[in-house]
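Okay, structure first, notes after.
Numbering (this note's numbering), first residue to last: 15 to 676.
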């Protein structure tokens, strides 16, 4: 093969042989330590080796995040191992996290010595042999080519760079900077890419209060909810006198359609740990918790590995690098209750109590975990911290808008061509996200709305597509930033059904502590279910009664928002209010016309048979579970509407498109 002929002619001793000390000691002394004992050339060479910018044998990367594994990455890896064994090729296989383009999973990257890394998409096990055969012949197969990742080596001709790929080009990656590119279980690779330098520089250079001031100056706001200024929040805890303070990372990601926290921890757990270490130093906390849902086993596994490695390198423990700063990090697994995303409920859960909110004040920054000052930030917020300290508060503040600084990570899902994880500068428009990055709506369907902010958020419609994504602008149109779920909907979506889905979720997840949330959401769900079911009351006033119940939704919403105990209850009516605001005509259609134009609400669908197309084949008659279809063989059939339950079995069975749904 051309590859191995090339390696033979340029054969060099590319192994790391530095000062006869092991890799860990070298990194601690020369990169993490205060004094470098090796030369600049030796340090530079080591960094390039550990970051895999220089390699002596091929490296094959496989996207092994949850999304990749779900798409078949495990089988792809087995096929790679089998190929290398059969061909007797010495190559390294590295599992990485999700780079963000989930729609193209499984992803496989191939790095040939001396060349840039090349990424391939939709690499099922059956495609492995053909791709690797071509790559080892130093020829790039075009069929499943995604892009090349420039790492300072020779570029491949006629191959798009990742920075020019339509999905990645509009993004500014800070939190996702390493995701999908580095080995998440290798602290050495993280350090070689600049990791933990911000933390050690911070504890050596800044006083704790100065760290809070830098974060406040950067304009970083909480990425998990209402967007409270992070530095200001930290100062509350910093100013409170206590013998013990705590930091908590809220990774209890419970919103439908949200998977940002999971992907970040799976792909770059050390970035979170470093951010938490800096935050703990800033507020004066010596103990920190990562509260993560137990449904994220891969993220938990990689996080625990990262914590163990960080402790081995002296980055977690007592008197870290002779700074006088102590830092311990613990993992607490939650049971997946949505309410535990609320910070006071989360605190109760860590304390071993039932996860239920409590009234505030006192706020956790003053009296939180075990009654001590506690700061709670989510994964994305804390993952920004090390980069802020590295680039400087002013530089970070240049990204975004006047009131919304930095970037925002979104989980783009639903009816959009390129689903996945994206990170965009604040101020990017919704249109750019869906149609430029996401590739638009598949099958030439018409865009209807995008749900942003999960169950606590709201809809953004076609008329607001050019709105800039900032905390304030989203609130103006009845939505909110939330944790960052973006669920795209097209013309096939029923907005009343969407409201019912979120209300059902909220009602089931209500902790039940306060009556407005417990009973109010239950009543709202009952009203929505009534609207989406076939009416049984034959009274002529029945449509008016149903419309009156819609009006009751708005009254109930106001009561719930004004009187619920916690933020989750106060925002519970948002999906209903948002859909009522922008799609009231769909509610009226359900009530007065007893129809669902999207055909989603099965109880409101009417099935008829087109006698011009019906051949009398009897297939639909046999499939109908309630004998609602009558007719003889070779004679067109009819549907008895009083019997029909609108299950759709006839429409699925008909081979002549004779079933009409209205």
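We treat Cβ as the ideally placed atom computed from N, Cα and C, and that holds for glycine. Predicted model only: the values in this text are computed from it and were never measured.
Roughly how many angstroms separate the alpha carbons of residue i and residue j, rounded to a whole number?
| i | j | result |
| --- | --- | --- |
| residue 624 | residue 355 | 52 Å |
| residue 543 | residue 524 | 18 Å |
| residue 191 | residue 113 | 9 Å |
| residue 346 | residue 47 | 31 Å |
| residue 120 | residue 84 | 9 Å |
| residue 479 | residue 443 | 7 Å |
| residue 203 | residue 291 | 19 Å |
| residue 446 | residue 614 | 28 Å |
| residue 672 | residue 306 | 51 Å |
| residue 369 | residue 409 | 39 Å |
| residue 189 | residue 527 | 36 Å |
| residue 52 | residue 82 | 40 Å |
| residue 439 | residue 42 | 35 Å |
| residue 313 | residue 580 | 28 Å |
| residue 495 | residue 187 | 18 Å |
| residue 511 | residue 546 | 7 Å |
| residue 66 | residue 195 | 10 Å |
| residue 564 | residue 597 | 12 Å |
| residue 132 | residue 124 | 5 Å |
So residue i is in the beta strand (DSSP E); what residue range does that whole segment cover?
| i | result |
| --- | --- |
| residue 439 | 434 to 439 |
| residue 485 | It is not in any beta strand (DSSP E) - residue 485 instead sits in the alpha helix (DSSP H) that spans 485 to 490. |
| residue 500 | 499 to 504 |
| residue 472 | 472 to 475 |
| residue 358 | Where residue 358 is concerned, there is no enclosing beta strand (DSSP E), although the alpha helix (DSSP H) it sits in stretches over 357 to 364. |
| residue 426 | 421 to 428 |
| residue 109 | 106 to 110 |
| residue 536 | Taken as a continuous stretch (DSSP letters only), residue 536 belongs to no beta strand (DSSP E), being part of the alpha helix (DSSP H) at 529 to 545. |
| residue 462 | 461 to 466 |
| residue 77 | 73 to 77 |
| residue 674 | 673 to 675 |
For residue i, which residues does DSSP report across the bridge?
| i | result |
| --- | --- |
| residue 7 | Only positions 15 to 676 of the chain appear in this structure, which leaves residue 7 out of reach. |
| residue 346 | 305 |
| residue 677 | This structure cannot speak to residue 677, because the chain is shown only from 15 to 676. |
| residue 371 | Answer by DSSP bridge pairing: none, since residue 371 is not bridged. |
| residue 97 | For residue 97, which the question treats as bridged, DSSP gives no partner whatsoever. |
| residue 443 | 482 |
| residue 210 | None, per the DSSP bridge assignment. |
| residue 123 | 75, 133 |
| residue 235 | 243 |
| residue 670 | BP columns for residue 670 are empty, so no partner. |
| residue 339 | In the DSSP output, where bridge partners are listed per residue, residue 339 has none listed. |
For residue i, which residues from the same chain have a beta carbon less than 6 Å from its beta carbon, with the 5 sequence-adjacent residues on both sides left out?
| i | result |
| --- | --- |
| residue 176 | 161, 163, 182 |
| residue 634 | 643, 664, 667, 668 |
| residue 465 | 473, 501 |
| residue 169 | 130 |
| residue 560 | 605 |
| residue 148 | 155 |
| residue 69 | 127 |
| residue 372 | 358 |
For the alpha helix (DSSP H) holding residue i, just list the boundary residues, first then last.
| i | result |
| --- | --- |
| residue 80 | 80 to 85 |
| residue 520 | 509 to 523 |
| residue 410 | 407 to 411 |
| residue 380 | That residue, residue 380, is in no alpha helix (DSSP H); it is neither H nor E in DSSP. |
| residue 417 | Segment: none, residue 417 is in no alpha helix (DSSP H) and carries neither H nor E. |
| residue 232 | 222 to 232 |
| residue 582 | 581 to 585 |
| residue 353 | Neither: residue 353 is in no alpha helix (DSSP H) and is coded neither H nor E. |
| residue 55 | 54 to 64 |
Check whether chain B comes within 7 Å of residue i, counting only Cβ atoms and requiring the distance to be less than that.
| i | result |
| --- | --- |
| residue 583 | The chain inventory of the structure shown lacks chain B, comprising one protein chain alone. |
Between which residues of its own chain and residue i is the CB-CB distance below 7 Å, once the five residues before and five after are set aside?
| i | result |
| --- | --- |
| residue 575 | 584, 587 |
| residue 283 | 198, 316, 317, 320 |
| residue 35 | Confidence at residue 35 is low in this model, with a pLDDT of 45, below 50, so its placement is unreliable and the value that follows should be read with caution. Cβ neighbours of residue 35 beyond the five flanking positions: none. |
| residue 400 | 212, 213, 285, 288, 289, 292 |
| residue 142 | 90, 93, 94, 97 |
Leaving out five residues before and five after residue i in sequence, what residues of the same chain have Cβ atoms less than 8 Å from its Cβ?
| i | result |
| --- | --- |
| residue 430 | 448, 452, 453, 454, 455, 456, 502 |
| residue 231 | 245, 407, 408, 411 |
**Report entry** Inside the segment 126 to 207 only - beta strand (DSSP E) runs reaching at least 3 residues
**Finding:** Segments of the beta strand (DSSP E) lying fully in the segment 126 to 207: 131 to 134, 159 to 163.
**Report entry** In chain order, each alpha helix (DSSP H) run of at least 4 residues that lies wholly inside the segment 590 to 663
**Finding:** Entirely contained in the segment 590 to 663, the alpha helix (DSSP H) runs reaching 4 residues are, in chain order, 598 to 602, 633 to 637.
Report task. Could you name each continuous alpha helix (DSSP H) segment of 4 residues or more that falls completely within the segment 246 to 332, going from the start of the chain to the end? Result -> Fully enclosed alpha helix (DSSP H) runs of 4 or longer: 274 to 281, 283 to 297, 311 to 326.
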